[in-house]
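K.L.:
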Amino acid sequence: MSSPDPKGADVRIGLFGRLGSGNIGNDATLEAVLAYLKAERPDAVLDSLCSGPKRVTERYGVPAAQLGWLDGVGPVRGPKPIRLALTLGRIVAGSLIDTWRIMSWVRRHDVVIVPGMGVLESTLPQRPWELPWTQFVMSLSGKLFGVKVAFVSVGANVVRERATGWLLARSAKLAYYRSFRDEQSLGAAQKMRMAGQSDHVYPDLVFALPSPPIAPAGDSVGVGVMAYSGGTEERADAERIQEEYTAQMTQFVERLLADGRRVRLLIGDEADEVVALDVQSRVQSAHVVYEPFTSADELMNQLGTVDTVIGTRFHTVLFGLKLGKPTIAIGYGRKHLALMEQLGVAEWFQDIRELDAERLYTQFVALQGERAQVVRTIHERLQVMRERLDEQFAELTAVLFGGRS
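Just so you know, we're using the UniProt record's numbering here: the sequence shown kicks off at 1 and counts up by one.
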């Protein structure tokens with residue numbers, strides 16, 4: 001397929017990934033790319049191959065199709081041997097069907113964009129035949145059919161699982177363009193041999209979104225919780241890990257209440273709601289509020305009502321920082337610490353595997369004493385990040401639509 005001509009016919013652009021599936025951060029990166037395309041290429045014909053096509057079409061007006069065939073198939077039932085055989089058969093059939101569907105989809109485009117997200121990470125459980133496989137097929141198809149595949153401000157880490165790591169590394173290496181959302185991601189990508197010498201670091205795309213006006217928030221604290229059950233290698237202990245995390249977060253909320261604070265529970269993915277409701281049920285206090293939401297705008301509006309943010313899900317932390325809120329990150333991957341370093345507030349961090357409610361409360365109290373300086377630092381860094389994203393979008397225009405060979 002020929003390179004898109006910036007002054008020629010309408011360009012066909014596909015948007016690929018875990019979009020519309022209930023993850024607020026992923027959808028926010030899509031919003032940022034859509035805003036860029038609307039300004040830069042209003043002539044573009046858009047569609048998406050994604051995890052939640054119905055939501056993407058209804059919310060953004062973008063025609064969309066289901067990414068994974070297995071996502072639309074119900075659970076296997078019956079005796080264990082039969083379940084195993086049927087599951088294996090489904091995996092093989094699904095992989096073949098997805099390969100054909102993805103290749104057919106990619107070849108209809110001039111450009112395919114993967115908008116942000118941690119698509120080159122393994123911090124949360126995933127199996128090789130899920131996104132790693134479909135993403136590899138997408139990038140390979142782009143190479144075969146001359147379609148420009150762009151991974152834009154994505155997250156990466158060193159992947160220990162061999163099959164998953166190989167698929168993710170090859171999907172990135174085959175891409176026409178790559179940029180990473182932090183130095184940690186670029187370093188990991190280089191170790192995995194998925195990054196090139198010309199690859200750059202630009203901030204997370206969410207920082208390009210407009211922020212709502214923020215009013216004084218009083219003494220309310222935003223506590224972002226997550227359905228955290230460990231990584232891929234911890235599946236056997238998932239239930240115990242989630243219970244320990246929920247218990248620590250409940251204890252922290254109780255300490256805030258004892259201090260006379262009001263608490264607003266926040267989520268970053270629809271899957272997190274069960275934990276928010278669990279914490280609220282355990283605490284049983286009128287001073288703990290949880291109001292469901294499903295979009296970045298709704299999350300920012302709720303964050304605008306709080307004074308301080310303690311977040312677990314990556315983009316809950318990011319949105320808190322984006323609004324200039326003093327924020328403590330509870331990190332389940334190096335990306336949290338990398339984000340805090342970008343904003344100059346790396347000391348306000350705690351590893352989720354060593355989560356301790358009392359230590360978290362001590363950090364919270366210390367943060368209140370330094371909030372003025374912390375807020376100044378965040379705002380200074382935010383200005384730099386917005387400027388860097390302007391550079392990212394200018395580079396994208398030149399690379400994807402300027403005819404680079």
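Just so it is clear, CB atoms sit at the ideal spot from N, CA and C, and this is done for glycine as well.
Nothing here was measured: the structure is a model prediction, and the numbers come from that model.
Comparing alpha-carbon positions, which option in S295, D219 and L321 lies nearest G260?
P.N.:
When each option's Cα is compared against that of G260, the closest is D219.
K.L.:
Mind checking whether V62 and D47 have CB atoms under 8 angstroms apart?
P.N.:
In this structure, D47 lies closer than 8 angstroms to V62 by Cβ.
K.L.:
Please list, in chain order, all residues of the same chain as F393 whose beta carbon is under 8 angstroms from its beta carbon, the five residues on each side excluded.
P.N.:
Excluding sequence neighbours, F393 sits near Y36, E40 and A208.
K.L.:
Which complete alpha helix (DSSP H) runs does the region 173-234 hold, if anything under 4 residues is left out?
P.N.:
Counting whole runs of 4 or more residues, the region 173-234 contains the alpha helix (DSSP H) stretches 183-191.
K.L.:
As a quick exercise: from S95, A44, I352 and Y332, pick the residue whose alpha carbon is nearest that of G111.
P.N.:
A quick correction: the sequence has Val, not Gly, at residue 111. Answer by Cα proximity: A44.
K.L.:
Would you kindly work out how many angstroms separate the C-alpha atoms of L186 and L205, rounded to a whole number?
P.N.:
Each residue's alpha carbon lies about 16 angstroms from the other.
K.L.:
Which of helix, strand or coil does DSSP assign to N157?
P.N.:
Correct three-state label for N157: coil.
K.L.:
In terms of residues, what are the limits of the alpha helix (DSSP H) holding T134?
P.N.:
T134 -> alpha helix (DSSP H) spans L131 to F145.
K.L.:
Mind listing, in chain order, the continuous beta strand (DSSP E) runs of no fewer than 3 residues lying wholly within the region 36-61?
P.N.:
The region 36-61 contains these whole beta strand (DSSP E) runs: 45-50.
K.L.:
Rounded to the nearest angstrom, what separates V106 and R170 at their Cα positions?
P.N.:
Going from the Cα of V106 to the Cα of R170 covers about 17 angstroms.
K.L.:
For V306 versus K325, is the C-beta distance shorter than 8 angstroms?
P.N.:
In this structure, K325 lies closer than 8 angstroms to V306 by Cβ.
K.L.:
Between Q248 and D356, which are expected to be in contact by the criterion C-beta below 8 angstroms, what is the C-beta distance as a whole number of angstroms?
P.N.:
Yes, they are in contact, since the Cβ atoms of Q248 and D356 sit about 7 angstroms apart, within 8 angstroms.
K.L.:
Residue ranges of each beta strand (DSSP E) run of no fewer than 3 residues wholly in the region 297-343, ordered along the chain?
P.N.:
Within the region 297-343, the complete beta strand (DSSP E) runs of at least 3 residues are 308-311 and 327-331.
K.L.:
Below 8 angstroms between beta carbons: does that hold for G320 and T327?
P.N.:
Yes; because the gap between Cβ atoms is below 8 angstroms, this pair is in contact.
K.L.:
Would R264 and G222 be called neighbours here (beta carbons separated by less than 8 angstroms)?
P.N.:
Against a cut-off of 8 angstroms, the Cβ pair of G222 and R264 comes out as a contact.
K.L.:
When DSSP labels each residue in this structure, what does I267 get in the three-state scheme?
P.N.:
In the structure shown, I267 sits in coil (DSSP, three-state: anything other than H, G, I, E or B).
K.L.:
By Cβ distance, which residues of its chain are closer than 6 angstroms to P276, with the 5 residues on each side in sequence left out?
P.N.:
With the sequence shown as reference, residue 276 is identified as Ala, and Pro is not the correct amino acid for it. For A276, where only same-chain residues beyond five positions count, the Cβ hits under 6 angstroms are V225, L265, I267 and Y290.
K.L.:
Look up A258 in the DSSP assignment and say whether it is helix, strand or coil.
P.N.:
Of the three classes helix, strand and coil, the one that applies to A258 here is helix, per DSSP.
K.L.:
Measure the C-alpha to C-alpha separation of Q280 and G331 and round it to an integer number of angstroms.
P.N.:
Roughly 22 angstroms separates the two Cα atoms.
K.L.:
Is the closest heavy atom of the ligand SAH to the C-beta of V33 under 7 angstroms?
P.N.:
In the structure on display, the ligand SAH does not appear, and there are no ligands present to speak of.
K.L.:
Distance, Cα to Cα, S95 vs L131?
P.N.:
Approximately 11 angstroms between the Cα atoms of the pair.
K.L.:
Suppose the cutoff is 7 angstroms on Cβ atoms and the five residues either side in sequence are ignored; what does the same chain contact list for T250 look like?
P.N.:
V279, R282 and V283.
K.L.:
Checking 8 angstroms against the spacing of the C-beta atoms, do S51 and G20 come in under that value?
P.N.:
For S51 and G20, yes; Cβs fall inside 8 angstroms.
K.L.:
Mapping the DSSP letters down to three states, classify L67 as helix, strand or coil.
P.N.:
Residue state, collapsed to three classes: coil.
K.L.:
From G116 to L360, what does the alpha carbon distance come to, in whole angstroms?
P.N.:
Answer to the nearest angstrom: the Cα atoms are 30 angstroms apart.
K.L.:
Count the other C-beta atoms from every protein chain shown that fall within 10 angstroms of the C-beta of V147, then say buried if there are 16 or more, exposed otherwise.
P.N.:
That one is buried.
K.L.:
Pull up the distance between the alpha-carbon of I310 and that of A329, whole angstroms please.
P.N.:
The alpha-carbon atoms of I310 and A329 are separated by roughly 6 angstroms.
K.L.:
Please list the terminal residues of the continuous beta strand (DSSP E) segment that includes G17.
P.N.:
G17 -> beta strand (DSSP E) spans R12 to G17.
K.L.:
What do you reckon, are the CB atoms on G196 and H109 nearer than 8 angstroms?
P.N.:
No.
K.L.:
Between the region 378-397 and the region 340-347, can you find at least three pairs of beta-carbon atoms closer than 8 angstroms?
P.N.:
A contact exists between the region 340-347 and the region 378-397.
K.L.:
Starting from F349, follow the alpha helix (DSSP H) in both directions and report where the run begins and ends.
P.N.:
Unbroken run through F349 is the beta strand (DSSP E), F349 to D351; no alpha helix (DSSP H).
K.L.:
Where do the ends of the alpha helix (DSSP H) carrying V111 lie?
P.N.:
Segment V111 to P115 is the beta strand (DSSP E) holding V111; no alpha helix (DSSP H) there.
K.L.:
How would you write the range of the alpha helix (DSSP H) that V279 sits in, first residue to last?
P.N.:
Per DSSP, V279 belongs to the alpha helix (DSSP H) from E273 to V283.
K.L.:
Once the 5 residues before and after G142 are set aside, which same chain residues still bring their CB inside 8 angstroms of it?
P.N.:
So the qualifying residues of the chain are V106, V112, K148, V149, L174, A175 and Y176.
K.L.:
Give the DSSP-derived three-state secondary structure of A150 in the structure shown.
P.N.:
DSSP places A150 in strand when its eight states are reduced to three.
K.L.:
Quick one: what does DSSP say L389 is sitting in, helix, strand or coil?
P.N.:
Three-state DSSP puts L389 in a helix.
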